[in-house]
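**Q**
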Amino acid sequence: MATRSEIIVEGMDEVKVYKHWDGYPEATLPWLKWFNRRFSDLRPNDYGYKFAQLLRSSIADAKAYSLDESTVTGWGVYPMNEDMGTEYRYILRKDGGVSVEEV
């Protein structure tokens, strides 16, 4: 059974990343905290680049963070108002922090 989650980049009001597998905090939060702190230290207000680099990181850092390496399923970009039946929502804040909430 999948643990679905969504990742929102603060400032991106139209779209979100959908993560189908291993969306629970123990599996997802270490990667997101690492990514967001590193990116925000360099470009804190560049949400468009942050969104794009998050997608790249999901591939480049997949092995280090045990992320789904599927090239056909498992990841998606959806409109913010699309209900994906997610269990967790992560928000990458401009200050480099990450908020998580159960949906």
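The opening position of the sequence shown corresponds to residue 783 in the working numbering, with each subsequent residue numbered one higher.
Here a beta-carbon is modelled for each residue, glycine too, at the ideal position from N, C-alpha and C.
How do the stretch 795-806 and the stretch 863-870 stand: do at least 3 beta-carbon pairs fall below 8 Å, yes or no?
**A** yes
**Q** Quick check: the Cα distance between E851 and Y860, rounded to an integer number of angstroms?
**A** 19 Å
**Q** Among A809, L824, P826, which has the Cα closest to the Cα of L849?
**A** Comparing Cα positions, the closest option is A809.
**Q** Note down the Cα distance separating Q835 from K845, rounded to an integer number of angstroms.
**A** In a straight line, the C-alpha of Q835 is about 16 Å away from that of K845.
**Q** Buried or exposed, going by whether 16 or more other CB atoms sit within 10 Å of the CB of I841?
**A** So I841 counts as exposed.
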